[in-house]
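Plus 13 on top of the position in the sequence shown (first one is 1) and you've got our numbering. Notes follow once the structure below has been shown.
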Amino acid sequence: MAFEIPLLSDDTLLLRQHTAADLDAVYTRCVDPVSVQWTTIPLDYTPDMAQEYLETVSAPQDNAVSWALDVAGSYAGTIDLRFEGAASGSLGFVTSPEYRGRGLMSRAVRLAVVHAFEDLDWDVVTWKANAGNTGSYKTVWRCGFPQPTAVPYLLNHRGTMVEGWISSLGRNEAREPSGSWADAVQALPSVPANAG
Ligand SMILES: CC(C)(COP(=O)(O)OP(=O)(O)OC[C@H]1O[C@@H](n2cnc3c(N)ncnc32)[C@H](O)[C@@H]1OP(=O)(O)O)[C@@H](O)C(=O)NCCC(=O)NCCS
């Protein structure tokens with residue numbers, strides 16, 4: 014079954030289908046060093062790869078739905094829901110460098126999670142990140158994702174299995190943090206010396 018790409022919005026942010034006009038901005042965020050550090054974007058990324066990627070994500074996909082974050086008509090990042098069977102799936106996201114720190118991905122996570130539970134009828138949404146990606150955790154913490162568990166060798170990071178953090182939110186769980194961010198940071202797993 015292919016997943017449609019509905020328009021989702023709140024009062025600041027629009028999630029929409031990617032278009033060919035996003036090419037330059039997608040390429041720029043794919044070669045950004047912070048994106049390279051925390052995601053599995055290929056190291057030799059080219060504009061042709063960005064174009065191929067856009068052709069894939071701008072049409073309905075069999076196992077995922079991908080939205081462009083759109084702020085006043087400009088591309089500001091990408092968020093994916095990846096179907097993993099049994100009414101469940103996982104989140105993946107990157108904000109374009111110049112749009113970080115404005116609360117955009119926290120808003121995008123909330124919109125995507127509401128879509129997963131209320132439109133797709135999923136039971137659970139999971140977030141995974143390389144151990145130490147505190148900024149990524151903050152975006153899902155704002156939507157109620159509980160303290161992550163650290164799992165050694167969880168993620169394939171360009172051919173090496175690395176420690177990951179994982180946290181899941183069930184459809185009937187509160188979509189708000191249960192405490193302060195300061196407490197959440199204190200409770201984060203310690204990070205291996207070679208992480209990140
Ligand atoms: C993680 C990422 C998506 C967050 O996007 P964003 O649009 O800046 O997210 P938000 O503004 O909604 O929230 C991020 C919060 O984390 C905070 N933050 C960012 N990096 C942090 C860090 N290393 N430690 C602690 N907090 C951090 C920000 O200050 C912000 O908090 P604030 O709103 O209270 O100021 C973005 O930094 C990014 O694209 N990183 C590279 C790719 C990546 O890591 N993707 C996730 C892979 S699992």
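From the three backbone atoms N, C-alpha and C, an ideal C-beta is built for every residue, glycine too.
Considering only the alpha carbon of each residue, which of the options lies closest to residue i?
i: residue 21; options: 184, 182, 80, 164; result: 80
i: residue 132; options: 101, 140, 203; result: 101
i: residue 173; options: 152, 155, 143; result: 143
i: residue 158; options: 188, 206, 167; result: 188
i: residue 153; options: 123, 145, 177; result: 123
i: residue 31; options: 67, 87, 151; result: 67
i: residue 42; options: 141, 55, 201, 108; result: 108
i: residue 192; options: 178, 151, 166; result: 151
i: residue 204; options: 164, 156, 194, 190; result: 164
i: residue 14; options: 46, 97, 27; result: 97
i: residue 40; options: 71, 146, 34, 59; result: 59
i: residue 161; options: 199, 126, 125; result: 199
i: residue 35; options: 55, 86, 202; result: 86
i: residue 33; options: 206, 62, 196; result: 62
i: residue 27; options: 37, 121, 179; result: 121
i: residue 99; options: 111, 129, 71, 155; result: 129
i: residue 146; options: 74, 47, 25; result: 47
i: residue 190; options: 25, 65, 156, 73; result: 156
i: residue 194; options: 44, 115, 148; result: 148
i: residue 57; options: 69, 65, 44, 64; result: 44
i: residue 127; options: 116, 104, 111; result: 104
i: residue 112; options: 206, 197, 125, 38; result: 38
From the DSSP secondary-structure annotation, give me the bridge partner or partners of residue i.
i: residue 80; result: 92
i: residue 174; result: 169
i: residue 143; result: 177
i: residue 74; result: 16
i: residue 103; result: 95, 139
i: residue 164; result: 177
i: residue 183; result: 137
i: residue 22; result: 27
i: residue 108; result: 90
Inset, instruction - Could you say if the segment 135 to 149 and the segment 178 to 189 meet the contact criterion of at least three C-beta pairs nearer than 8 angstroms? - result: Contact holds: three or more Cβ-Cβ distances are below 8 angstroms.
Inset, instruction - Decide if the segment 77 to 93 is in contact with the segment 17 to 31; the criterion is three or more beta carbon pairs, one per stretch, under 8 angstroms apart. - result: Yes: the two stretches touch, three or more of their Cβ pairs being nearer than 8 angstroms.
Inset, instruction - Count the C-beta pairs between the segment 44 to 53 and the segment 82 to 98 that are closer than 8 angstroms, then say yes if the count reaches three, no if not. - result: No contact exists between the segment 44 to 53 and the segment 82 to 98.
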